[in-house]
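Engineer: In UniProt numbering, the protein residues as written are 1 to 847. This is the structure I want to talk about, given as structure tokens.
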């Protein structure tokens, strides 16, 4: 047998060739049977039938498609559990976009991981499917990772899918046959979801199911059976499942025109690709009004939580849905989107997850900052058309929400009210919109008389929809208090970052509902809905004198040295000069107040932090937005600017200090510059810089902070040297004398100077609390505590004397033009209502 043929057969049999690659030290036998003794004639000979058979078998054994679905266990793989070479590929696997991880532990709640090739021709259909049935984990440019969870499967079932539909869809898009472990996981978590529903009809709760045996089983349960309302019987009837048409879409306009008889039926909207794809997988027609038979029984009003808990314990979780179309007990709210309001395709897709079967489902919608979360909530309210309560993080946010309702919908002025520390107004009719804050609803202690009356009215009313803004910032305990006190049929949470550094974020699945939809940040940026951002991490070397003191300092004071690094100051100054010359608007963030004031004052720029007065805040923000002079093109913000701050003019963000490794804060700060820009430059039109001192713990924190944004597809460019920086003569701390002077100033500070600012996650937090808040009580204290060392107080340390003026009573009058205008508008509206009431009384008297 020839050398080449025998080597091929030996390789197929798992043996190495008798002859290896020739080398100077490789001995070769002169009598080897591998040699060609016949020269070129041997090469020209045709192989015999037996040799051809050997070649065919060897090729078959080496072909990928020949591997059977059995795991190789003879030799340990260097890839460990990630070695999937034993999976058999489909013949047309190159045309299919999904890889499915078969490693699922039996009985585990942690589902399999799915990898999507975003460059595949079928990636759009696969993305629509995966956003419906799984949760995104990481979505860089070319490979996206998703994971099944029991809550994501619940959300998929809530829009009408079944377990077999999901398996069949995965089979069509997967490169390999769907593993049995994955099929078992899907069946285990979908066979009981959706079989039991908790429905609120006519102000009464019903347990409902499409299968009569399940209702009989629940009634025999020792806990659920006694919760059945006395004097009621099991009801059997037909319920209607309506097709969903979201306001603000072309379909909604088409139906209105068709109803008027003056237009043709609209063409299919590209936004319906998701529903059309799923319907095609199920071999069904487009969604239409349907009827189905259901069995239900009424439960006592105070037994709802007991029934829901027991259903979960026995493996039949009860789904809460709001049949708002058939709710005749609660007054209808006359509200619609304005004809000029048009929602975007991804907003329509998010709302279709909430109203998939004509009923309202509670859950959470995740959209990036600047992508229109407020409009999504307003559109949901216009669709339900019942009383709406909106909970915000601050008083300023509540006024912004009220103005957004006026901007996008045709709601009447008398049907919208704001409940804050300074305004306690109710809407006039039986239904309306109330906008308030979490702190106003959940604050404990004794309340003022008018505040308590307002609270009793809120608690005693039945609300159709509860909108929860920035749902991630409130602890689970507060949400439970809100859910207990405010009775609402449907809850919708809105956020840009469904992240917490603790484990309490998972509580939202039970308190509010599952994640209904999460948008792809990079996809929205490519479509122009949000800005394209270039992210960069700038490494700033520590000067020798600062690095020595950093190593000798205590752990608590070390951050002060890497924040006040003179090289970081120079880089910040250079970037500000560079982007101001480009015409950019710049925001500089610092969680450390000592650094914030030092940077801003030395660069002669305005800054805002927790103690800045309202008038000064509004004046600075107004000049930043409307004044193009260089001195007003940059503002410095402490962490109070992380949320509830709308500055669409900002195009550049520089971060000099942060809250350790908080991923949520990094994403929220990026959101300050994510709004679509008026300037349409080629490539990137916004810039995000994170300044990090080299060889310090700040680098580890920075890597952790970037994890969420990297998973969203953002790539952080590492910059070690800024071209042209050495040629700038105006940069500070170029001379050793200046650096030593700065070091002496830092050494004089005690350890508390290295602490970050403590605020309530919003810029207007102090406006939203009641009179009995902890902050108001703190102002009355005559003694003030300050952490530090005893040596500092006794003069043995480097603590400098501190003097503080006595607090004076602040004026109760509005201290800004905006608040004065708002107060004047409310006063005129009250006078107008009073005048109309008097005229109506006179008219009735004449009659």
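All residues carry an ideal CB built from backbone N, CA and C; glycine is no exception.
#1: Could you round the C-beta distance between residue 850 and residue 654 to whole angstroms and report it? I think they count as a contact, below 8 Å.
#2: Return the Cβ separation of residue 464 and residue 409 in integer angstroms, given the expectation that the two are a contact with Cβ distance under 8 Å.
#3: Could you tell me the alpha carbon to alpha carbon distance between residue 191 and residue 146, rounded to whole angstroms?
#4: Quick one: Cα of residue 466 to Cα of residue 207, how far?
#5: Is it right to say residue 765 is buried, meaning 16 or more other beta carbons lie within 10 angstroms of its own, or is it exposed?
#6: What would DSSP say about residue 317, mapped onto helix, strand or coil?
#7: Which residues mark the beginning and the end of the alpha helix (DSSP H) in which residue 355 is found?
#8: Give the DSSP-derived three-state secondary structure of residue 596 in the structure shown.
#9: Would you mind stating whether residue 200 and residue 322 have Cβ atoms separated by less than 8 Å?
#10: Which stretch, first to last residue, makes up the beta strand (DSSP E) that contains residue 324?
#11: Quick check on residue 689: buried or exposed, where buried means 16 or more other Cβ atoms within 10 Å of its Cβ?
#12: With three or more beta-carbon pairs closer than 8 Å as the criterion, would you say the segment 377-385 touches the segment 523-530?
#13: If you draw a straight line from the alpha carbon of residue 90 to that of residue 96, how long is it in whole angstroms?
#14: Starting from residue 434, trace the beta strand (DSSP E) in both directions and tell me its first and last residue.
#15: Determine, using beta carbons only, whether residue 716 and residue 536 come nearer to each other than 8 Å.
#16: List the whole-angstrom C-beta distance separating residue 712 from residue 440, where the pair is believed to meet the contact cut-off of C-beta under 8 Å.
#17: CA-CA distance, residue 851 and residue 211?
#18: Who pairs with residue 466 in a beta bridge, going by DSSP?
#19: For residue 163 and residue 181, I'd like the C-alpha separation in whole angstroms.
#20: Please state whether DSSP places residue 98 in a helix, a strand or coil.
#21: I need the boundaries of the alpha helix (DSSP H) containing residue 376, first residue and last residue.
#22: Could you check where the beta strand (DSSP E) with residue 364 kicks off and where it finishes?
#23: Give me the residue from 104, 691 and 517 with the minimum Cα distance to residue 356.
#24: Between the alpha carbons of residue 842 and residue 413, how many angstroms are there, rounded?
#25: Is residue 421 helix, strand or coil by DSSP?
#26: Apply the 10 Å Cβ neighbour rule to residue 297 and answer buried if 16 or more other Cβ atoms are within range, or exposed otherwise.
#27: Judging by CA-CA distance, which residue of 119, 144 and 562 is the nearest neighbour of residue 100?
#28: Do you know how far the Cα of residue 176 is from the Cα of residue 112?
#29: Please work out which residues of its chain come closer than 7 Å, Cβ to Cβ, to residue 119, disregarding the five sequence neighbours upstream and downstream, and give them in chain order.
#30: Just the C-alpha distance for residue 742 and residue 692, rounded to the nearest angstrom, thanks.
#31: Can the beta-carbon of residue 456 be found closer than 8 Å to that of residue 331?
#32: Just the Cα atoms here: how many angstroms apart are residue 179 and residue 84?
#33: When you compare only the Cα positions, how much space is there between residue 674 and residue 306?
#34: Return the Cβ separation of residue 634 and residue 576 in integer angstroms, given the expectation that the two are a contact with Cβ distance under 8 Å.
#35: Counting only the same chain and skipping the five closest in sequence on each side, list residues whose C-beta sits under 6 Å from that of residue 493.
#36: Does the separation of the CB atoms of residue 193 and residue 299 fall below 8 Å?
Structural biologist: Looking at the atomic coordinates:
#1: Past the boundaries of the shown model lies residue 850; the chain is included only from 1 to 847, so the question cannot be answered.
#2: Not confirmed; about 15 Å, so no contact.
#3: 22 Å
#4: 22 Å
#5: Confidence at residue 765 is low in this model, with a pLDDT of 39, below 50, so its placement is unreliable and the value that follows should be read with caution. Counting Cβ neighbours within 10 Å, residue 765 comes out buried, since at least 16 surround it.
#6: coil
#7: No alpha helix (DSSP H) contains residue 355, which DSSP labels as neither H nor E.
#8: helix
#9: yes
#10: No beta strand (DSSP E) holds residue 324; DSSP gives it neither H nor E.
#11: buried
#12: no
#13: 9 Å
#14: 433-437
#15: yes
#16: No, residue 712 and residue 440 are not in contact; Cβ-Cβ is about 33 Å, not under 8 Å.
#17: Lying before the first or after the last residue shown, residue 851 is absent from the chain, which here runs from 1 to 847.
#18: 389 and 491
#19: 14 Å
#20: strand
#21: 373-384
#22: 363-366
#23: 517
#24: 24 Å
#25: coil
#26: buried
#27: 144
#28: 14 Å
#29: 142
#30: 19 Å
#31: no
#32: 11 Å
#33: 44 Å
#34: 5 Å
#35: 364, 468, 471 and 512
#36: no
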